[in-house]
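*Asks:* Note that my numbering has the sequence shown beginning at 246, numbered continuously upward. For glycine and all other residues, C-beta sits at the position ideal for the given N, C-alpha and C.
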Amino acid sequence: MAASKVYFTDLRAKPGSNLQQKLERIVRKAGIDQIDFKDKFVAIKIHFGELGNMAYIRPNYAGVIVRIIKELGGKPFLTDSNTLYSGTRSDAVEHLHTAAVNGFNSIVTGCDVIIADGLRGNDERIVDVQGTYCPEPKIGAAIADADIVISMNHFKGHEMAGFGGAIKNLGMGSGSVAGKRDMHATAQPKVTAEKCIGCRICEKGCAHGAIKVVDSPDAQNKLGRLAVIDYDKCVGCGQCVAICGSGAAEMSSEESGIVLNYKIDEYTKAVLKDKQHFHISFIMNVSPECDCWAHNDAAIVPDLGMACSFDPVALDQACADLVTAAPVLTTPNQLHTEEEHHHEEGCCCCGEHHHHDHECCCEHHEGEDKFRMLHPNTNWQVGLRYAEEIGIGQREYELVKL
């Protein structure tokens, strides 16, 4: 089988060639015009960003894709499903408001927003893919009912899956609330007592009342308090992992993250079943964690470009390889904490001693897996291997640079 083509353009711009124009050129060069859009409902699967997060894809880029689809006779709408965790996108009313505040409205994008799984997150379609982990994925109805799926993906790190790209956007993002619960069921986190400072941020942020901070003899902080998870209530959404400022909440094991990726793959297969599809990734503002949180830390690598393909597996692999090849941006509390950066044995990366932050080799790391460095208990590679095994696409690709 021939390698899948992944088209890539950098972010250099000049008069007559701005980024929106470059986006149009690359998707047309990749063959988006080959899709039969005539009178078809086209779900543009995108993440609208949580309020307070600024790393999500600018709605102006969505406007470019909407215009192209309309010119080709399609009926596009922007869509996402509601979230499992508490936040500003957990029901359709707040979700629509968040999308509008973040600029996703008909004036900017040229089309309307439809929340795929309805008001409370239970408007779903069950799709039979005979999966090993999720035999009957529950997909948001508006996405399942669409004729064509176009994914627009912000490529970034993810605290549970390793990174978020096309497959994460399609699989996890298209699942109804019940579907997200299915995917997260085996991805329950843990609390490391040595790191917990008893601040109660995780307790306040848990929508399911599954984590409480209590007085404990096991606590190793001056308050004598420790966060404790009630696994009978925990749905594995990972919000505590994302909002814990001390790094005490983390994935329970690499194995739980692997199973999560397998489930996301099977959901992605359900989303794309019997549909024409096309995928666009924006490798910019590559933040350490998901856009689901009400903040975003500084980017871990420089802005790299835009990529697209008919093959979401090849696209994710290409984007991961581009990030791997890029240097790390030196930012506080990112890949390393201050203590880890300069401990007695030297730099945590190379073992050498440096006297000043700017001399540390951490700013380089070309060729190293940034996502594994950020989230050691994740393993995104197995997710792409499994996606290939179940027929979503292939990891082998040819990078066509424009």
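Got a sec? Which residues, its chain only, sit under 7 Å from Q465 by beta carbon, not counting five neighbours each side?
*Replies:* A438 and E439
*Asks:* With three or more C-beta pairs closer than 8 Å as the rule, is the segment 501-510 touching the segment 625-635?
*Replies:* yes
*Asks:* Of all the options M397, L549 and E404, which has the alpha carbon lying nearest to the alpha carbon of G308?
*Replies:* M397
*Asks:* Would you kindly work out how many angstroms separate the C-alpha atoms of S419 and K315, rounded to a whole number?
*Replies:* 23 Å
*Asks:* Could you tell me whether the segment 291-308 touches the segment 363-373, where touching means 3 or more Cβ pairs closer than 8 Å?
*Replies:* no
*Asks:* With DSSP run on the structure shown, which of helix, strand or coil describes P547?
*Replies:* coil
*Asks:* Which residues in the same chain have their Cβ closer than 6 Å to the Cβ of P260, if we skip the five residues on either side of it in sequence?
*Replies:* Once the five neighbours on either side are set aside, P260 has no close Cβ partner at all.
*Asks:* Please classify Q484 as buried or exposed, where buried requires at least 16 other C-beta atoms within 10 Å of its C-beta.
*Replies:* buried
*Asks:* Which residues bound the beta strand (DSSP E) around G424?
*Replies:* Segment V422 to H429 is the alpha helix (DSSP H) holding G424; no beta strand (DSSP E) there.
*Asks:* In the DSSP assignment, what residue or residues form a beta bridge with N398?
*Replies:* S526
*Asks:* Under three-state DSSP, which class holds L574?
*Replies:* coil
*Asks:* What is the DSSP secondary structure of E604, reduced to helix, strand or coil?
*Replies:* No answer about E604 holds up, because its pLDDT of 39 lies below 50 and its placement is not dependable.
*Asks:* Taking the alpha-carbon positions, what's the L647 to K274 distance?
*Replies:* Linking L647 to K274 through their CA atoms gives a straight-line distance of about 9 Å.
*Asks:* Would you call the segment 465-479 in contact with the segment 524-537, where contact means no fewer than 3 C-beta pairs closer than 8 Å?
*Replies:* The segment 465-479 vs the segment 524-537: no contact.
*Asks:* On a CA-only basis, which of G385, Q639 and Q265 is nearest V422? Give me that one, please.
*Replies:* Checked all of G385, Q639 and Q265; the closest Cα to V422 is G385.
*Asks:* Please give me, in chain order, every unbroken run of the beta strand (DSSP E) with length at least 3 that falls completely inside the segment 306-368.
*Replies:* 320-325 and 358-360
*Asks:* Rounding to the nearest angstrom, what Cα-Cα distance links C489 and N541 in this structure?
*Replies:* C489 and N541: Cα-Cα distance of roughly 13 Å.
*Asks:* Can you tell me whether S249 is helix, strand or coil according to DSSP?
*Replies:* In the structure shown, S249 falls within a strand segment according to DSSP collapsed to helix, strand and coil.
*Asks:* Grab the span of the beta strand (DSSP E) containing Y642 for me, first residue to last.
*Replies:* Y642 to K646
*Asks:* Tell me the DSSP secondary structure of V374 in three-state form.
*Replies:* DSSP places V374 in coil when its eight states are reduced to three.
*Asks:* Cβ of I289 within 8 Å of Cβ of T324?
*Replies:* If you check the CB distance, I289 and T324 come in under 8 Å.
*Asks:* Taking 8 Å as the threshold (C-beta atoms), are H620 and E269 in contact?
*Replies:* Cβ distance not < 8 Å, so E269 and H620 don't count as in contact.
*Asks:* Taking contact to mean 3 or more Cβ pairs, one atom from each stretch, closer than 8 Å, check whether the segment 443-463 and the segment 327-336 are in contact.
*Replies:* yes
*Asks:* How would you label T377, buried or exposed, when you count the other beta carbons within 10 angstroms and need 16 or more for buried?
*Replies:* exposed
*Asks:* Using CA coordinates, which residue listed in G276, D284, I388 and A571 is at the minimum distance from I371?
*Replies:* Among G276, D284, I388 and A571, the Cα nearest to that of I371 is on I388.
*Asks:* In whole angstroms, give me the CA-to-CA distance for A300 and R334.
*Replies:* 16 Å
*Asks:* Hey, how far is the Cα of C444 from the Cα of K401?
*Replies:* Going from the Cα of C444 to the Cα of K401 covers about 27 Å.
*Asks:* I'd like to confirm something about N350: is its beta-carbon nearer than 7 Å to some heavy atom of the ligand MN, or not?
*Replies:* As presented, the structure is devoid of all ligands, the ligand MN included, so that no description of it is given.
*Asks:* Measure the alpha-carbon distance for N506 versus A406 and round it to whole angstroms.
*Replies:* 6 Å
*Asks:* Is I395 buried or exposed, if buried means 16 or more other CB atoms sit within 10 Å of its CB?
*Replies:* Answer is buried; the Cβ neighbour count reaches 16.
*Asks:* Going along the chain, which unbroken runs of the alpha helix (DSSP H) with 4 or more residues stay wholly within the segment 412-486?
*Replies:* DSSP runs (the alpha helix (DSSP H)) wholly in the segment 412-486: 422-429 and 446-450.
*Asks:* For C447, I'd like the list of residues in its chain whose CB is within less than 7 Å of its CB, leaving aside the five on either flank, ordered along the chain.
*Replies:* I456, A472, C485, I488, C489 and A494
*Asks:* Cβ of S262 less than 8 Å from any chain D Cβ?
*Replies:* Absence of chain D from the displayed structure is noted, only one protein chain being present.
*Asks:* D336 to G363, Cα distance in whole Å?
*Replies:* 8 Å
*Asks:* Between K267 and the rest of its own chain, which residues show a CB-CB distance below 6 Å, the 5 nearest in sequence each way excluded?
*Replies:* Counting only Cβ-Cβ distances below 6 Å, and skipping sequence neighbours, we find T254.
*Asks:* Rounded to a whole number of angstroms, what is the C-alpha to C-alpha distance between V458 and S491?
*Replies:* Going from the Cα of V458 to the Cα of S491 covers about 14 Å.
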